[in-house]
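According to the working numbering, the sequence shown is numbered sequentially starting from 47.
Yeah, the Cβ is synthetic: ideal placement off N, Cα and C, and Gly gets one too.
Quick caveat, the model's predicted, so the values are computed rather than measured.
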Amino acid sequence: MVVTTRKHLLIGVTAFFAGLATFHPCLAKADSKGVLIYGRGGDSVSLDPAKETDGESLNVCDNVFDTLVQFKDGTTEIEPGLAQRWEVSPDGLRYTFFLRPNVKFHDGTPVNADAVVFSFLRQHDPKHEAFKYAQAWAYWQDMGMDKLTVRITLKSPSAPFLANLAMSFASVVSPTAVRKFKEEFARNPVGTGPFKFVSWTKSEKIVLDANKEFWGGAPKLARVIFRAYPDASTRLNAFLAKEIHMMNLPTPEQVATIKQKRPDAKVIEEPAMNVAYLAFNTGKGPFANPKVRRALNMAVNKDAIIKGVYAGMGIPAVNPLPPSLWGYNSSITAYQYNQAKARQLLAEAGFPNGFESELYYPPVSRPYMPDAKRVAEAIQADFKAVGVKVQLTTHEWAVYLDKTKKGEHPMALMGWTGDNGDPDNFLSVLLSGDNAKAPASNIAFYDNTKVTQILRDAQRVTLQKKRAEMYKQAQQLIHQDAPWIPLAHSRVAMPMDPRVSGFILQPNGSRRFSKVSLNSK
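And the structure:
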């Protein structure tokens, strides 16, 4: 099966910085000319697109690297990227990409078909000199090329193929830099994007400078600083004190505070293509029993969580897909909040007195979950009311991701922001049995063979109407099995200094700065 996520490529294919060295968020205003400071909820994990697994890494990588095709700003529509055009054979099996001439990587080396093939093979071929992931690239049969032409032949048609190629993992990297830095390439990224990597001070900041030779036109900003504030209150205070220009992932209460205390600030809000959920580890203890999972779905008061934690900036989730996405099954009836029924089901499952367990929750704000600890505490109280006593556990973000991918959790709070507007990017990534092996993106370790086969087949169907029906069928089966408690689909907000212009919220959660400017006071 072909699974495409920010972490998987399954193709059927310092002088200027010294001038800022004295910057400290408590000592200086964000007023350096042409330098935008973006305050975010945590640090990146890896800046190698082949190893990128999290949103904070995505946000940096999307400014350093380019892909063959890309998403048009604010949409999931495909437009030319490093490939100025492409052709698809009538049978849908061969894609030919024609590269832009005279494009160079940040290290001055040329972008050509060799570089594209190198970038893709390092995620496919275990014998490759820079191999990273042994992925089952099921529908990539072979790749051919000449200097500025790349031809990819698929084993079978793949409907989401082009959209997948627009995702960050399919970025084209400098072969010279990969060979030079080897494992340290993840901390010394070299791409073709609008900004060049300058430095990374772990857990503090990442600095990027404008690429004046960018093929899409030189950025309007001279520099972007991604500054990490894991504590949401510290991040808020930095924005209120005008020490940062943009504040990522504010809680709903913080948005209200900003509107009150910084009336000059702009706050843009949009529905997000996301889902927040509690994943049961379906291979562990009581959670192997679907009755237990259904019971706990009935135990959680989602409306109270939306009101109390999301402050109305979200809606209760019924399915893994957000309602705005095609293929959403609106005929499914949500598990109703009913603690008496939950206790009855637990008794039928052999747990009349409940049981004890552990719930992991993220240590940082995420677009789909503004305050994971409060969500976890609400669920803990709801579970206690039906006899299930839960200990709450968290870890540093990179460790949290590692542990959940390995399946160390009994239950875990997690979420997902869609990468490409295709249901496959939610259902296959998060709930296919093909992704239930460590390191898993299916952290419920849910493996229903019928669901998995439907998801595999849907990738090979090109007619969207037929694919939508298949995804609706899969959602019905998933709902019955209840490997998750789907919690919420959030709205996202981005407060920014009034001098910031040109910023667009992207459906996939990426933060792009190539067209952003910082106006004079």
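In this chain, the beta strand (DSSP E) harbouring residue 320 covers 320 to 326. Per DSSP, the unbroken alpha helix (DSSP H) holding residue 281 starts and ends at 278 to 286. According to the DSSP assignment, residue 97 belongs to no alpha helix (DSSP H), since it is labelled neither H nor E. With respect to the 7 Å criterion, residue 263 and residue 111 are not classified as neighbours on the basis of their beta carbons. The Cβ neighbour count for residue 214, taken over all protein chains shown within 10 Å, is at least 16; the residue is labelled buried. Taking the CA atoms as reference points, residue 387 sits about 7 Å from residue 341. Rounded to whole angstroms, the separation of the alpha carbons of residue 326 and residue 494 is 14 Å. Looking at the DSSP output, residue 463 bridges to 320. Contact between the region 448 to 465 and the region 409 to 422 is present: three or more C-beta pairs spanning the two stretches fall below 8 Å. Contact check for residue 557 against residue 274 fails: the beta carbons are separated by 7 Å or more.
The beta-bridge partner set that DSSP reports for residue 84 consists of 272 and 292. In this structure, residue 203 places its C-beta atom within 7 Å of the C-beta atom of residue 138. Beta-bridge analysis with DSSP links residue 534 to 322 and 362.
At least 7 Å separates the beta-carbon of residue 352 from that of residue 535. For the pair residue 432 and residue 334, the CB atoms are not nearer than the 7 Å cut-off. Between residue 148 and residue 193, the C-beta gap is not smaller than 7 Å, which leaves the two residues out of contact. Residue 391 carries a helical assignment under DSSP once its states are collapsed to helix, strand and coil. Scanning its chain for C-beta atoms nearer than 7 Å, with the 5 sequence neighbours on each side dropped, one finds around residue 410 the residues 87, 88, 276 and 443, in chain order.
Taken in chain order, the complete alpha helix (DSSP H) segments of 4 residues or longer contained in the region 194 to 273 are 207 to 211 and 221 to 227. Considering only 151, 201, 241 and 207, the residue with the shortest C-alpha distance to residue 222 is 151. The Cβ-Cβ distance between residue 197 and residue 142 falls below 7 Å. Burial check for residue 391: the Cβ neighbour count within 10 Å reaches 16 or more, so the residue is buried.
A straight line joining the alpha-carbon of residue 246 with that of residue 230 spans about 12 Å. Distance between residue 405 and residue 446, taken at the CA atoms: about 12 Å.
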